[in-house]
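Note sheet for the following structure.
There are 2 protein chains.
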Amino acid sequence: MRRIKLEVAYDGTNYCGWQLQSGHLTVEAVLNKALSELLKEEVAVIGASRTDSGVHAKGNVAVFDTNSLIPSEKISYAVNQRLPEDVKVQSSVEIPLEFHPRRVKSKKTYEYCILNRNILLPTERLYTTFIYNDLDVKAMQEAASYLVGEHDFKSFCSVKTQVTDTVRTIYSLEVSKKKDIITIRVTGNGFLYNMVRIIAGTLIEVGRGAYPPQKVKGMLEGCDRNLAGPTAPAKGLTLIKIEYDEENLLNNNYDIK
Amino acid sequence: MRRIKLEVAYDGTNYCGWQLQSGHLTVEAVLNKALSELLKEEVAVIGASRTDSGVHAKGNVAVFDTNSLIPSEKISYAVNQRLPEDVKVQSSVEIPLEFHPRRVKSKKTYEYCILNRNILLPTERLYTTFIYNDLDVKAMQEAASYLVGEHDFKSFCSVKTQVTDTVRTIYSLEVSKKKDIITIRVTGNGFLYNMVRIIAGTLIEVGRGAYPPQKVKGMLEGCDRNLAGPTAPAKGLTLIKIEYDEENLLNNNYDIK
């Protein structure tokens, strides 16, 4: 028995998110089916991030166990022959059997993209949120700076969460603009339910001038979802990568969060 | 009666090209319907470039005549309310009644995008062609340089064309790479049927090493479609802009091509 770690990229447009849901097309279901057919055994992947309906990924992580003798590096190429164009495995490597992609400490990076121009550009519509008000990027950058560090992000978490410890660390949160696209890039040790989309929604409100950048300090302190901005649409969000450092991977250093 | 010039952007993925075709969804049909409903009169646009099925546009041009009193600049905003997300009018201005978008001289710019990496990235698949062989960008740039200028592009034209004069001028043809995306950007005074896609297909073959860059000189001289490379897929192609200079527009300086 070997455990294989996959990096998985997908266009979330046509999927009801990552997680298996009876009667719905999900990335997990598509992966399980393709891997099971390829390896001729029942495969059930464990995903690192159960992305929401419509969210995209360039590097989500999933693991599964197999008795197959296919060299681990070849699995990505072989399974891609059986996957649709909107889900492709980027790499496959063997890892210790104890490795669990949600329990081992990691750094996750997401990007949230905003198309900021007068009129919607159709070829950008699937991977950005369209905002026609001219956003103040400097104000968004200032607001972002207050969110970096270890904080209780309760105000930036959907009330639907079942998590009770809402303290997380954001290592970096950058807002940049290139032509008509504003990109919010965030790296942290973990993200609460809808946290990146609520951060994006809040920064968009700051960019519009709905409230001053400093107001996000009070949002953090208040620990109340009603204080932060709206949840920005899913389609602007892409999970870029999940990094496990090798030491954690070998020592099986479980993250209590 | 006024003549209105529109700049039209669209995602060609779900369209059978620009031109009206009974029983098929086309950009022209969608525009005619939305404009007719908005202006409460029968509208029939005349397009500058009848892009093929699957080709995208950021700035195709179309004109139509109207008796409506809506200020010309407001038409774009108003018609966008009635257009789907994958077709949006970027601007609308009044122009002389004599202006015909295919007869007045213009400069057209297209981009052809190639995703050049080991494994397909789903979020890029709709607007690029995926090539997993590592392409030699320098060789592609050299090959491109031989195509710049006034030439008989018969070898770079679909045999299905009805055009007899196959001389065209390419003002610039640049190949650049940024991360995994190779962009071929070409500006000319007009393009033959499939010309940009055949240029792209030929440059891809050069990039693969199938033949040396110098070979495109012979392709031009031979005036035979069989000499040039294959027609690259439609989805990698985007019509970026069409520029009419004001002098031509006012003097109604008809292009004989």
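In the order they appear, the protein sequences are chains A and B. Each residue of the first sequence is one higher than the one before, counting from 1 in this note's numbering. Each residue of the second sequence is one higher than the one before, counting from 1001 in this note's numbering. Here a beta-carbon is modelled for each residue, glycine too, at the ideal position from N, C-alpha and C.
Separation of residue j from residue i, as counted between CA atoms
i                            : j                           : result
serine 68 of chain A         : glutamine 90 of chain A     : 20 Å
leucine 1239 of chain B      : threonine 1109 of chain B   : 6 Å
lysine 235 of chain A        : arginine 1225 of chain B    : 43 Å
arginine 3 of chain A        : lysine 177 of chain A       : 41 Å
alanine 78 of chain A        : glycine 12 of chain A       : 22 Å
alanine 9 of chain A         : asparagine 1080 of chain B  : 33 Å
valine 87 of chain A         : methionine 219 of chain A   : 37 Å
asparagine 1253 of chain B   : lysine 1105 of chain B      : Confidence in asparagine 1253 of chain B is poor, its pLDDT being 48 and thus under 50, which makes the residue's placement too unreliable to answer from.
leucine 147 of chain A       : glutamate 28 of chain A     : 32 Å
arginine 1082 of chain B     : threonine 1066 of chain B   : 17 Å
lysine 257 of chain A        : phenylalanine 99 of chain A : Interpretation of lysine 257 of chain A is limited by its pLDDT of 38, a score under 50 that renders its predicted location unreliable; the figure taken from the coordinates is listed afterwards. Lysine 257 of chain A and phenylalanine 99 of chain A: Cα-Cα distance of roughly 16 Å.
phenylalanine 153 of chain A : lysine 217 of chain A       : 11 Å
arginine 168 of chain A      : leucine 1173 of chain B     : 49 Å
lysine 1107 of chain B       : valine 1093 of chain B      : 19 Å
alanine 62 of chain A        : valine 1043 of chain B      : 53 Å
glycine 23 of chain A        : leucine 31 of chain A       : 16 Å
isoleucine 1070 of chain B   : leucine 120 of chain A      : 21 Å
glycine 1149 of chain B      : cysteine 1223 of chain B    : 16 Å
glycine 17 of chain A        : aspartate 136 of chain A    : 31 Å
isoleucine 46 of chain A     : glutamate 1007 of chain B   : 47 Å
serine 1053 of chain B       : tyrosine 132 of chain A     : 29 Å
serine 36 of chain A         : proline 1122 of chain B     : 21 Å
methionine 1 of chain A      : leucine 97 of chain A       : 8 Å
asparagine 1060 of chain B   : isoleucine 181 of chain A   : 21 Å
alanine 228 of chain A       : valine 55 of chain A        : 21 Å
glutamate 243 of chain A     : serine 1155 of chain B      : 50 Å
arginine 1050 of chain B     : lysine 1005 of chain B      : 16 Å
asparagine 1014 of chain B   : leucine 1025 of chain B     : 8 Å
alanine 1232 of chain B      : proline 1101 of chain B     : 26 Å
Range covered by the alpha helix (DSSP H) that runs through residue i
i                          : result
glutamine 90 of chain A    : Run containing glutamine 90 of chain A: none in the alpha helix (DSSP H); it sits in the beta strand (DSSP E), 87-95.
threonine 238 of chain A   : Careful: threonine 238 of chain A lies outside any alpha helix (DSSP H), inside the beta strand (DSSP E) at 237-243.
isoleucine 1075 of chain B : 1072-1080
arginine 208 of chain A    : 195-208
glutamate 259 of chain A   : Here chain A covers residues 1 to 257 and nothing more, so residue 259 of chain A does not appear.
Bridge partners - residue i, DSSP secondary structure assignment
i                             : result
cysteine 1113 of chain B      : B/Thr1183
glycine 149 of chain A        : A/Ile170
alanine 1062 of chain B       : B/Leu1006 and B/Gly1047
alanine 57 of chain A         : A/Tyr10 and A/Leu239
phenylalanine 1130 of chain B : B/Leu1115
glycine 1188 of chain B       : B/Lys1108 and B/Ile1170
leucine 1033 of chain B       : Inspection of the sequence shows that residue 1033 of chain B is occupied by lysine rather than by leucine. Lysine 1033 of chain B is not bridged to any residue.
valine 175 of chain A         : A/Ile184
9 Å Cβ cut-off: residues of chain A touching residue i
i                         : result
lysine 1058 of chain B    : Leu121, Pro122 and Thr123
aspartate 1052 of chain B : Here the premise fails: no neighbours, minimum Cβ distance about 16 Å.
lysine 1088 of chain B    : Ile119, Leu120, Leu121, Pro122 and Arg125
Per-residue contacts from residue i into chain B (C-beta, under 7 Å)
i                        : result
asparagine 80 of chain A : Ile1119
aspartate 180 of chain A : The premise fails here: aspartate 180 of chain A is roughly 11 Å from chain B at the closest Cβ pair, so nothing lies under 7 Å.
Residue span of the beta strand (DSSP E) that contains residue i, given as start and end
i                        : result
valine 1163 of chain B   : Segment: none, valine 1163 of chain B is in no beta strand (DSSP E) and carries neither H nor E.
tyrosine 1010 of chain B : 1002-1010
Cross-chain neighbours of residue i in chain B, by beta carbon under 8 Å
i                        : result
threonine 238 of chain A : Thr1123
Chain A residues whose Cβ lies nearer than 8 Å to that of residue i
i                         : result
serine 1076 of chain B    : Ile119
glutamate 1085 of chain B : Leu120, Pro122 and Arg125
aspartate 1134 of chain B : Correct list: empty, because the minimum Cβ distance to chain A is about 16 Å.
Within chain B, the residues that residue i reaches when beta carbons sit closer than 9 Å
i                      : result
tyrosine 10 of chain A : Pro1122 and Thr1123
Cβ-heavy atom distance, residue i to the ligand HEM, below 7 Å
i                      : result
valine 1167 of chain B : No copy of the ligand HEM occurs in the structure displayed, which carries no ligand at all.
Stretch pair the stretch 1181-1193 of chain B + the stretch 1111-1126 of chain B: three plus CB contacts closer than 8 Å: yes
For the 8 Å Cβ check, are there 3 or more pairs between the stretch 1212-1220 of chain B and the stretch 1138-1155 of chain B? yes
Could you tell me whether the stretch 1192-1207 of chain B touches the stretch 1155-1175 of chain B, where touching means 3 or more Cβ pairs closer than 8 Å? yes
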